[in-house]
Ligand code: UDP
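Residue numbers (the numbering used here): 2 to 467.
Right under this line is the structure:
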């Protein structure tokens, strides 16, 4: 039985991520941060990630699984790019979320708040109709949120009329710096509509959480916070890599792929400090076979040691014998614990697709980047990596649209051997310090999380039934 002192009402918060690796990681971490400040937190996972969810061993948060209509991982590709796919997801998740909330309302800890992935803006109305409040959680950068807002409002005219775009509080952006669907009109129309729709009801939310660090994007965040209750709460990276205040928070804890942890660490341990280039294109991006070949040649010519994540579904695109021919120089794995790798002293740079989580992880761990963006928001992240934070170089594509072997070698050498590489390393260390400060006690993100929790705690104490 709970004692009188333990009985102080704490709010119960549901956290609902989209079932994608790059969305689960930050929302799971946010859940842990919220729980560390007192509230009861339930991560509501949807069925397509249920197999991996079972592996979460968290003493601080609860897990519930609701149906999204699938028990297999969802891959965002042309096969899922239809309005019917997104509508079906919405209908199934709405129905199962309503059921969950209604059941939980009858429990000892009725939930009062839903933090939902901004990809599910309909969750706000749903929560309110059931007597709860809600807030979107944006897993993209502040700059990307702002760009999508202008796209949604039509203040950014598409198709683009000029080679560059000037938007409030953002650097001048070329077509190549905008999220891919804005410049490459014609592809992924349903996904693009879903991305723009994230901003459809932000005027109605009382809180808007954004997985970024205020100090990284202060200009655009000032513009946003002057209009909406935007709260930066990032970087959402396990505490051990940042402030170390959360006990046992050593890893994300939910992986849709099986990491080859020991193989990576054993191999990295044999390498000299700063000598290895780590390469990964995240959980979704798919490279063409000719692009893979250029990459293998660029890597060989750079003469650097490399650790390359090639997911099983991509492995067949590697040139025959590449792995056998390069055992002296490199290690190819199907998945790794990226944070552990980035934090290893052997890593000298990160060749990345510039997914927002990977970008924040590299910034938070002080690793310079070779940016090779593929699609969605990655191009905007690459722009910031190079021109705003000055922690990387961006591979230029040739007339065939390929990152060719000469350019890949050049970019790797610039970071690993060049003078500018040293400057980028110095800048990376600066951002790392700022990222740690943001989540540490009294930092910009910590204060925002604290403020949110305090507000809910006051409400919980007023009603005694939160
Ligand atoms: N990741 C990992 N191991 C890998 C590759 C990626 O743990 O071998 C993690 C990485 O740390 C990041 C996430 O997967 O948190 C990928 O998210 P991101 O936003 O960078 O890219 P996405 O997969 O969404 O394109």
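For each residue, glycine too, the CB sits at the ideal point set by N, CA and C.
- As for any beta strand (DSSP E) of minimum length 3 sitting wholly inside the stretch 194 to 218, the runs are 209 to 211, ordered along the chain.
- In this structure, the straight-line span from the alpha carbon of residue 181 to that of residue 161 is close to 12 Å.
- Contact between the stretch 255 to 266 and the stretch 361 to 377 is absent: fewer than 3 CB-CB pairs across the two stretches fall below 8 Å.
- Taking a 10 Å sphere around the C-beta of residue 73, we find fewer than 16 other C-beta atoms and assign the residue as exposed.
- Nearest to residue 217 by C-alpha distance, out of 423, 279, 383, 142, is 142.
- Between the C-alpha atoms of residue 435 and residue 445 there is a straight-line separation of about 10 Å.
- Close CB contacts of residue 290 within its chain, under the 8 Å cut and outside five residues either way in sequence, are with 318 (chain order).
- One Cα belongs to residue 219, the other to residue 27, and the distance between them is close to 20 Å.
- When DSSP states are grouped into helix, strand and coil, residue 120 belongs to the coil group.
- Distance from the CA atom of residue 144 to the CA atom of residue 326, rounded to whole angstroms, is 42 Å.
- Look at residue 435: its beta carbon is at least 6 Å from all of the heavy atoms in the ligand UDP.
- Under DSSP, residue 189 takes part in no beta bridge, so it has no partner.
- Remark: three or more beta-carbon pairs, one from each stretch, lie closer than 8 Å, so the stretch 39 to 48 and the stretch 60 to 69 are flagged as touching.
- Under the 8 Å Cβ criterion, the stretch 296 to 312 counts as touching the stretch 273 to 285, having at least three qualifying pairs.
- Contact annotation: residue 175 and residue 165 have beta-carbon atoms nearer than 7 Å.
- Considering only 342, 223, 383, the residue with the shortest C-alpha distance to residue 395 is 383.
- A direct Cα-Cα distance of roughly 46 Å separates residue 155 from residue 346.
- Taken from the Cβ of residue 443, every heavy atom of the ligand UDP lies 6 Å or farther away.
- In the three-state scheme derived from DSSP, where H, G and I count as helix and E and B as strand, residue 303 is classed as helix.
- Cβ neighbours of residue 224 within its own chain (closer than 6 Å, five residues either side excluded): 169, 170.
- The secondary-structure analysis by DSSP pairs residue 370 across a beta bridge with 351, 393.
- Under the 10 Å beta carbon count, residue 205 is surrounded by fewer than 16 other beta carbons and is classified as exposed.
- Around the CB of residue 79, fewer than 16 other CB atoms lie within 10 Å, so the residue is classed as exposed.
- Per DSSP, residue 89 is one residue of the alpha helix (DSSP H) stretching across 84 to 106.
- Relative to the ligand UDP, residue 266 has its C-beta separated by 6 Å or more from all heavy atoms.
- In the structure shown, the three-state DSSP call for residue 41 is strand.
- Burial check for residue 299: the Cβ neighbour count within 10 Å reaches 16 or more, so the residue is buried.
- The residues 367, in chain order, have a CB closer than 7 Å to that of residue 430 in the same chain once the five nearest residues on each side in sequence are set aside.
- Closest in alpha carbon position to residue 86, among 70, 104, 323, 97, is 70.
- In the three-state scheme derived from DSSP, where H, G and I count as helix and E and B as strand, residue 410 is classed as helix.
- For residue 358, the CB contacts under 7 Å within the same chain, skipping 5 residues up- and downstream, are 23, 26, 27 in chain order.
- The beta carbons of residue 10 and residue 40 sit no closer together than 7 Å.
- Contact check for residue 121 and residue 19: beta-carbon distance about 7 Å, within the 8 Å limit, so the pair qualifies.
- In the DSSP assignment, the residues bridged to residue 138 are 118, 210.
- If one requires a minimum length of 3 residues, the beta strand (DSSP E) runs lying completely within the stretch 268 to 337 are 277 to 281, 306 to 310, 331 to 334, in chain order.
- Segment contact: the stretch 338 to 352 against the stretch 411 to 431, three or more CB-CB distances shorter than 8 Å; contact assigned.
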